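*Asks:* Everything in the sequence shown is counted per the working numbering, starting at 7 for the first residue and increasing by one. For each residue, glycine too, the CB sits at the ideal point set by N, CA and C. Since the structure is predicted, the reported quantities are computational estimates derived from the model, not experimental observations.
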Amino acid sequence: FAPPHLSLYHLTMEPNTVFAKYPPQLPDDDASADMQDMIAERTAQAGFQHYEVSAYAQPGRRAHHNLNYWEFGDYLGIGAGAHSKLSFPHRVLRQARYKQPASFIEAAQRGNAVQEEREIGRDEMGFEFMLNTLRLVDGFDPNLFGERTGMSINAIERALNEAEAKGLLYRDHKLIRPTELGQRFLNDLQQMFL
């Protein structure tokens with residue numbers, strides 16, 4: 007089919023799904039690592055660039071709306087089950103609309119289809135930012151942290167130092183990005199900012 011973009015994820019067993027009730031046999035960690043190596047090799051051979059932990063694109067074909075998520079940008083979710091992230095001068099909100107279409111329509115007719123709304127506290131802002139931006143293979147400009155969180159990068163200095171010392175993170179004054187090892191152990195790297 008020659009697609010310009012690929013999003014490749016491990017299968018996740020979500021609660022209350024047929025997969026959770028009747029789980030298929032999943033590959034073990036070694037097989038998963040082999041699959042990841044094969045994907046990297048084959049996509050590179052086909053001219054794809056690996057730009058986000060699960061995304062590969064032909065040159066010039068990166069998904070801009072996804073990049074906005076990974077750069078901790080704002081987005082407005084409209085429709086059943088949609089999610090939003092909204093930034094204000096002194097706070098950031100996450101919202102979720104009602105998932106079931108009938109419930110969503112009913113709530114929207116009453117004037118508010120938001121089922122859940124949560125403010126991201128300053129104590130969790132660094133983690134929320136890094137949870138997203140560390141997915142980017144090429145990393146991000148450290149100034150983006152202040153622009154998107156309203157906080158100084160010093161707020162996460164200890165975790166940055168620890169991640170760099172463990173070889174999971176590369177950083178200089180213009181760039182913070184996961185190393186190849188950090189990409190392989192992304193969950194561990196992200197958790198360091200929790």
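#1: Using a Cβ-Cβ cut-off of 8 Å (strictly less than) and excluding sequence neighbours within five positions of Q64, which residues of its own chain qualify?
#2: Any idea if L174 is buried or exposed, counting beta-carbon neighbours within 10 angstroms, 16 or more meaning buried?
#3: Can you give me the start and stop residues for the alpha helix (DSSP H) that H71 sits inside?
#4: According to DSSP, which residues form a beta bridge with Y62?
#5: Quick test of your reading: Q101 and E122, contact by CB under 8 Å. State the CB separation rounded to the nearest angstrom.
#6: For I162, which option in M136, K172, Y176 and R141 has the closest C-alpha, if you only look at C-alpha atoms?
#7: Can you tell which of R154, P148 and E153 has the C-alpha that lies nearest to the C-alpha of L166?
#8: Would you give the residue range spanned by the alpha helix (DSSP H) that F25 belongs to?
*Replies:* According to the structure data:
#1: P10, H11, G53, F54 and Q55
#2: buried
#3: H70 to W76
#4: L12 and H56
#5: 7 Å
#6: Closest in C-alpha terms to I162, from the list M136, K172, Y176 and R141, comes M136.
#7: P148
#8: V24 to K27
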